[in-house]
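Its first residue numbered 2, the sequence shown is counted upward by one per residue in my numbering. The beta carbon of each residue, even a glycine, is placed where N, CA and C say it ideally should be. None of the values given here were measured: they were computed from a predicted structure. Read through the structure below, which is laid out as structure tokens, and then see the notes.
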Amino acid sequence: MSINGDDSIELYENGQIIDTFGDVDTDGSGQDWDYVDGWAYRSSGTGPEGTTFTPTNWVYSGANALDDESTNAEATSPFPAGTYSETASIIKFNNTEIYVYPNPVKLDLNFAGLKGTVRAYVYDVTGRLFLQKEVNSSLDVSNLKAGIYIVKIENESGLNIFSILKELS
């Protein structure tokens with residue numbers, strides 16, 4: 002495999018595409034997302050998006066950002082080592098792995114890999130119901146106070162329960 006900076010990249014897990022950078026049907030030369038002799042990383046709080054590429058969900062240097070540089074520190078646009086720190090939980094739901102992120106969460110709790118719509122319930126640690134909504138990709142938790150919450154997702158085929166940490170928005 003050879004990646005030269007004008008190629009799209011698909012990230013696979015268990016034979017499934019879980020994330021994509023670039024348009025797989027387009028040579029990236031001259032495209033906004035061209036990163037030849039440069040770098041790219043996903044913006045915190047976004048993705049993974051499967052086969053969808055949303056350019057605004059990525060940060061990239063542009064082409065030739067690292068040309069003629071002896072060290073990363075001397076580069077006009079240095080490679081940002083260690084900037085992505087998003088935490089994703091992998092849970093089993095109806096015999097499928099889904100990704101729940103970010104956790105801790107400020108605004109939207111995202112669900113990647115859900116097949117269809119599920120009912121989501123958010124409880125505080127005493128069992129009091131704070132939020133109930135049908136979701137298929139994200140749940141707005143921005144109005145919740147900071148703290149630990151229990152989330153239950155269910156449909157006619159099954160359910161899963163997990164906890165989240167809500168941070169101040």
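### Message
Please classify Thr127 as buried or exposed, where buried requires at least 16 neighbouring CB atoms within 10 angstroms.
### Response
Translated into the one-based positions of the sequence shown, residue 127 becomes position 126. It is exposed - the Cβ of Thr127 has fewer than 16 other Cβ atoms within 10 Å.
#### Entry: Closest residue to Ala64 among Ile10, Gly39, Lys134, Asn161 (Cα-Cα distance)
Here residue 64 corresponds to residue number 63 of the sequence shown, with the count starting at 1. Checking every option, the nearest Cα to that of Ala64 belongs to Gly39.
### Task
Check whether the Cβ atoms of Asp125 and Tyr100 sit closer than 8 Å, and answer yes or no.
Here the question's residue 125 lines up with position 124 in the sequence shown. Here the question's residue 100 lines up with position 99 in the sequence shown. No, the Cβ-Cβ distance between Asp125 and Tyr100 is not below 8 Å.
#### Entry: For Gly83, the three-state DSSP class (helix, strand or coil)
Here residue 83 corresponds to residue number 82 of the sequence shown, with the count starting at 1. Legend: pLDDT at Gly83 = 49, less than 50; position of this residue unreliable, value from coordinates given subsequently. Of the three classes helix, strand and coil, the one that applies to Gly83 here is coil, per DSSP.
### Task
Report yes or no: do the segment 44-60 and the segment 11-19 share at least 3 C-beta pairs separated by less than 8 Å?
yes
### Task
Can you tell me which of Val152, Thr27, Lys116 puts its alpha carbon nearest to the alpha carbon of Tyr122?
Position 121 of the sequence shown, counted from the start, is the residue given in the question as residue 122. Looking at the Cα atoms, Val152 is the closest of the given residues.
### Query
In this structure, what does DSSP give as the bridge partners for Thr53?
Counting from one through the sequence shown, the residue named residue 53 turns up at place 52. None; Thr53 has no bridge partner.
### Task
Inspect the CB distances between the segment 131-142 and the segment 65-74 and report whether three or more fall short of 8 Å.
no
### Task
Classify Arg43 as buried or exposed, calling it buried when 16 or more other Cβ atoms lie within 10 Å of its own Cβ.
The sequence position of residue 43 within the sequence shown is 42, counting from 1. Under this definition Arg43 is a buried residue.
### Query
What number of angstroms, rounded off, separates the C-alpha of Asp28 from the C-alpha of Ile162?
In the sequence shown, the residue the question calls residue 28 occupies position 27. In the sequence shown, the residue the question calls residue 162 occupies position 161. So the two alpha carbons sit approximately 43 Å from each other.
#### Entry: For Ala113, the three-state DSSP class (helix, strand or coil)
Here residue 113 refers to the residue found at position 112 of the sequence shown. Ala113: strand per DSSP, three-state reduction.
### Query
What does a CB cutoff of less than 8 Å around Leu145 pick up in its chain, not counting 5 residues either side in sequence?
The residue labelled residue 145 in the question sits at position 144 within the sequence shown. Closer than 8 Å at the Cβ level, and outside the excluded window around Leu145, lie Val123, Phe131, Leu132, Lys167.
### Query
Apart from the five residues just before and just after Thr97, which ones in its own chain have a Cβ nearer than 7 Å to its Cβ?
Here residue 97 refers to the residue found at position 96 when the sequence shown is read from its first residue. Here the set comprises Gly114, Lys116.
#### Entry: Burial state of Asn111, where buried means 16 or more other Cβ atoms lie within 10 Å
Taking the sequence shown and counting its residues from 1, one reaches residue 111 at position 110. Buried, by the Cβ-count rule.
### Query
So who's on the other strand from Val123, going by DSSP bridges?
Taking the first residue of the sequence shown as position 1, residue 123 is located at position 122. Its beta-bridge partners are Leu132, Val152.
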